[in-house]
Each structure stands twice: as C-alpha cells, then as structure tokens.
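Enquirer: Sharing a structure, written as structure tokens. Questions coming.
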Amino acid sequence: MRMTGNTILITGGGSGIGRALAEAFHSLGNKVIISGRRRERLDAAIDANPGMVAVELDVTDPAAILTTAAKLIADHPALNVVINNAGIMLIDDATGPVDEDKLVTTVTTNLGGPIRVTAALLDHLKQQPDPVIVNITSVLGFVPLVATAVYSATKAALHSYTLSQRYLLRAAGVNVIEIAPPWVRTELLNSTEEERAMPLDAFIAEAMAKLATDADEILVGDAVAMRANPGAGEQAFIGVFNDLVASGPPLG
Ligand SMILES: NC(=O)c1ccc[n+]([C@@H]2O[C@H](COP(=O)([O-])OP(=O)(O)OC[C@H]3O[C@@H](n4cnc5c(N)ncnc54)[C@H](OP(=O)(O)O)[C@@H]3O)[C@@H](O)[C@H]2O)c1
Numbered sequence: 000m001r002m003t004g005n006t007i008l009i010t011g012g013g014s015g016i017g018r019a020l021a022e023a024f025h026s027l028g029n030k031v032i033i034s035g036r037r038r039e040r041l042d043a044a045i046d047a048n049p050g051m052v053a054v055e056l057d058v059t060d061p062a063a064i065l066t067t068a069a070k071l072i073a074d075h076p077a078l079n080v081v082i083n084n085a086g087i088m089l090i091d092d093a094t095g096p097v098d099e100d101k102l103v104t105t106v107t108t109n110l111g112g113p114i115r116v117t118a119a120l121l122d123h124l125k126q127q128p129d130p131v132i133v134n135i136t137s138v139l140g141f142v143p144l145v146a147t148a149v150y151s152a153t154k155a156a157l158h159s160y161t162l163s164q165r166y167l168l169r170a171a172g173v174n175v176i177e178i179a180p181p182w183v184r185t186e187l188l189n190s191t192e193e194e195r196a197m198p199l200d201a202f203i204a205e206a207m208a209k210l211a212t213d214a215d216e217i218l219v220g221d222a223v224a225m226r227a228n229p230g231a232g233e234q235a236f237i238g239v240f241n242d243l244v245a246s247g248p249p250l251g
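Position one of the sequence shown corresponds to residue 0 (numbering that gives the first Met the number 0), numbered consecutively onward.
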C-alpha cells in the first residue's frame, strides 16, 4: 500500500499494536485518527504525537459506529484508509457451558466490529484515491489456540470475510489487506512481558516494511509457518502446537 499521504482511522489505537501502527504511520506524515473506548489511553497517545487525533468509539455499538463514521467523514473528508485493529482475547472453555457474555462480546467486537466499521465507511472510501481496508486477524485464525477457542474462531471468520471483501472490492479499486500477527508483546492476554511473544517494535518494523509492498497478506515472524499449515495435516499440526503452548507457563 501507499505509505504516505493517507488519512487513516485505526480502531483500538490507544494501546498495543494499534497505537504502535498509529505512531508508525504518523511519523511518516500521514494524518492518523485513533479510536477506542478508554479516553485516557487515547489522550496519552495523541499527547505524545502532536497532530494525531482521537475519537471515542465502542465497536460493539452499531449506532455509535454509524454516528461516528458520519462525523469522521465530515471532519476528515480525505479519509482513505481504515485499519480494523480493535479486538479482545478471553480465555474460554470449549468443553463446558457457554459463557454467553464472553461469546457475544468476543464475536461482536472481533468480527462484528470490523464488518460494521468498514460498512459504515465503504461508500466514502470508494470515492477516495488509493482506498485501503486493513483487517488485523491473527495466526490463531489459521491454527487455533484451544484455550481461546472463540477468539480463534472470530479470527478465522475475519480471515474468511477479508477474502470475500478482497474479491468483491477489487473492481472498485479498494485494496483489502490482512495482517495476521503472531504472538506479540501487548496487554492482550497479559503478554507485555511474555518471553514467547515477539517484541512489539520488531513486529511493527517488519509489518510496516511488508505493508509498503504489494502484499495483501502481511505475515510476520512465526506467522509465516503457521499460515502455511492448513491442509490435510491440520488437526495433527494443531495438536502439536497446543501441546507446546500447554507445556509452558500458564496463560493470562
Ligand atoms: N498481541 C498479540 O499477540 C496479537 C496476536 C494476533 C492478533 N492480535 C490482534 O491485534 C489487535 C490489537 O491487539 P493488541 O495485541 O494490540 O492488544 P491491546 O493492546 O489490548 O489492544 C486492543 C485494543 O482494542 C480496543 N478495543 C477492545 N474492545 C473494543 C471495543 N469494544 N471498542 C473499541 N475498541 C476496543 C482496546 O481499547 P479500549 O479498551 O480502550 O476500547 C485496545 O486499544 C487485536 O485485534 C488482536 O486480536 C494481537
């Protein structure tokens, strides 16, 4: 994708991968708008990056998405890139009773969020030069982590949805990109100090370098091998992967 001259909305831009991507694009001179629920996180990010702006938006709220999208378009008519990064990851139990709240919140945030945010902005994006949709999925969409089965399933679903949108929007000139991060040191699943996870700055450096190419699937570090897995041996691969994680320190 073109790395300069964009006006970019990044959901979940107040922390972790979203904030780091926001800062990377901001430092290249792009206009960056971050969103999220926690005002203090948004303020900390924009205070540290003069010129960056922030809007409060809960991506589980369909009405708020429509209202905020309309305001964003009015305030930032050059908006041409949306990065659907906001997400939550909760430990669950795919063998036990359904935790309805966890199920609905995870699906509504991780799958409904990107679907609704993109839909609210799509007509506008189509009218801009070089429109781009970036969906942040996960390697766990290709190889599920069984301790977070619902999360993994939402990321597989978002991968699938991204494939559909890329096909459907090609004729309209909208570039649909997927970033499937490996385990990265962020607050997700309390992983800021996690030795098994990739340092955030190293992940961002490699992701930005790959975004600057024509690639429509951005795979960094371990994500390359995990992406290559699905096939006839998928279930065995998932067994090996999950045995390895389970043999390490407890998650979360
Ligand atoms: N870190 C990893 O190992 C890893 C690996 C693969 C994929 N990912 C994906 O990368 C993305 C970013 O995660 P991260 O690792 O950077 O963790 P993070 O620091 O916890 O970031 C998640 C962001 O999403 C926002 N968010 C959550 N629910 C929201 C909602 N309902 N409405 C609006 N914003 C919401 C949070 O902000 P508020 O709480 O302020 O709303 C937060 O800024 C996620 O989609 C995650 O699934 C991460």
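For each residue, glycine too, the CB sits at the ideal point set by N, CA and C.
All of these numbers come straight from a predicted model, not from anything done at the bench.
What separation, rounded to the nearest whole angstrom, lies between the Cα atoms of A73 and G247?
Expert: As a working note, residue 73 is residue 74 in the sequence shown. As a working note, residue 247 is residue 248 in the sequence shown. Rounded to whole angstroms, A73 to G247 spans 50 Å at the Cα level.
Enquirer: Who are V54's beta bridge partners in DSSP?
Expert: One-based indexing of the sequence shown puts residue 54 at position 55. Per DSSP, S34.
Enquirer: Mind checking which residues open and close the alpha helix (DSSP H) that includes A227?
Expert: On the sequence shown, residue 227 is found 228 positions in, with the first residue counted as 1. That residue, A227, is in no alpha helix (DSSP H); it is neither H nor E in DSSP.
Enquirer: Are the region 86-104 and the region 50-57 in contact at 8 Å, needing three or more beta carbon pairs?
Expert: The region 86-104 is not in contact with the region 50-57.
Enquirer: Hey, out of I203, G230, D122, G140, whose CA is closest to A79's CA?
Expert: Translated into positions along the sequence shown, residue 79 becomes position 80. According to the sequence shown, residue 79 is Asn rather than Ala. For N79, the nearest C-alpha among the options comes from D122.
Enquirer: Out of L8, W182, E39, which one is the CA nearest neighbour of V58?
Expert: On the sequence shown, position 59 is the one that residue 58 refers to. The shortest C-alpha separation from V58 is found at L8.
Enquirer: Counting along the chain, where does the beta strand (DSSP E) carrying A179 start and finish?
Expert: Reading the sequence shown from its first residue, position 180 is the one you call residue 179. Looking at the DSSP string, the run of the beta strand (DSSP E) that includes A179 is 174-179.
Enquirer: Per DSSP, L254 is paired with what?
Expert: For residue 254 there is no data in the structure shown, the boundaries of the chain being 0 and 251.
Enquirer: Could you tell me the distance, in whole angstroms, from the CA atom of P96 to the CA atom of P128?
Expert: The residue labelled residue 96 in the question sits at position 97 within the sequence shown. The residue labelled residue 128 in the question sits at position 129 within the sequence shown. Those two C-alpha atoms are separated by around 49 Å.
Enquirer: Would the region 124-138 count as touching the region 161-178 if we require 3 or more Cβ pairs under 8 Å?
Expert: As far as the Cβ criterion goes, the region 124-138 touches the region 161-178, which means the pair count is three or higher.
Enquirer: Count Cβ pairs between the region 150-158 and the region 190-207 that sit closer than 8 Å; are there 3 or more?
Expert: In short, these stretches do not touch, since the Cβ pair count stays below three.
Enquirer: Report the residue ranges of all alpha helix (DSSP H) runs contained in full by the region 184-233; include only those spanning at least 4 residues, in chain order.
Expert: The region 184-233 contains these whole alpha helix (DSSP H) runs: 199-210, 222-226.
Enquirer: Using a threshold of 8 Å, is the CB atom of S190 nearer than that to any non-hydrogen atom of ligand 1?
Expert: Residue 190 sits at position 191 when you count from the first residue of the sequence shown. Yes, Cβ of S190 sits closer than 8 Å to a heavy atom of ligand 1.
Enquirer: Out of curiosity, what's the CA-to-CA distance linking D215 and A245?
Expert: Here residue 215 corresponds to residue number 216 of the sequence shown, with the count starting at 1. Here residue 245 corresponds to residue number 246 of the sequence shown, with the count starting at 1. Looking at the two C-alpha atoms, the distance is approximately 32 Å.
Enquirer: Indicate whether S14 and R38 have their beta-carbon atoms separated by less than 9 Å.
Expert: The residue labelled residue 14 in the question sits at position 15 within the sequence shown. The residue labelled residue 38 in the question sits at position 39 within the sequence shown. No, these two residues do not count as a Cβ contact at 9 Å.
Enquirer: Using 9 Å as the threshold, is the C-beta distance between D242 and V138 below it?
Expert: Position 243 of the sequence shown holds residue 242. Position 139 of the sequence shown holds residue 138. No, these two residues do not count as a Cβ contact at 9 Å.
Enquirer: In chain order, what residues of the same chain lie with their CB nearer than 6 Å to the CB of T107, ignoring the 5 residues before and after it?
Expert: For the purposes of this step, residue 107 is identified with residue 108 of the sequence shown, where counting begins at 1. The residues are T59.
Enquirer: Tell me, which residues are paired with I135 by DSSP?
Expert: On the sequence shown, position 136 is the one that residue 135 refers to. Answer is I178, bridged to I135.
Enquirer: Check whether the Cβ of D100 lies closer than 8 Å to any heavy atom of ligand 1, and answer yes or no.
Expert: By 1-based counting over the sequence shown, the position of residue 100 is 101. It does not: the Cβ of D100 is nowhere closer than 8 Å to a heavy atom of ligand 1.
Enquirer: On the criterion of 16 or more Cβ atoms from any shown chain inside 10 Å, does V276 qualify as buried, or is it exposed?
Expert: This structure leaves residue 276 out entirely; the chain is present only between 0 and 251.
Enquirer: Return the residue from the list A179, N83, E177, W182 that minimises the CA-CA distance to A21.
Expert: Stepping through the sequence shown from its first residue, residue 21 is reached at position 22. The shortest Cα separation from A21 among A179, N83, E177, W182 belongs to N83.
Enquirer: Within 8 Å: the Cβ of V106 and any heavy atom of ligand 1?
Expert: Taking the sequence shown and counting its residues from 1, one reaches residue 106 at position 107. No, Cβ of V106 sits at least 8 Å from all heavy atoms of ligand 1.
Enquirer: Could you check how far apart the C-beta atoms of T6 and L27 are, in whole angstroms? I think they sit under 8 Å.
Expert: Residue mapping note: residue 6 aligns to position 7 of the sequence shown, counting from 1. Residue mapping note: residue 27 aligns to position 28 of the sequence shown, counting from 1. Their Cβ separation, rounded to whole angstroms, is 13 Å, which puts T6 and L27 out of contact at 8 Å.
Enquirer: Flag this pair as yes or no: are the beta carbons of I237 and A19 separated by less than 9 Å?
Expert: Numbered from its first residue, the sequence shown carries residue 237 at position 238. Numbered from its first residue, the sequence shown carries residue 19 at position 20. No, these two residues do not count as a Cβ contact at 9 Å.
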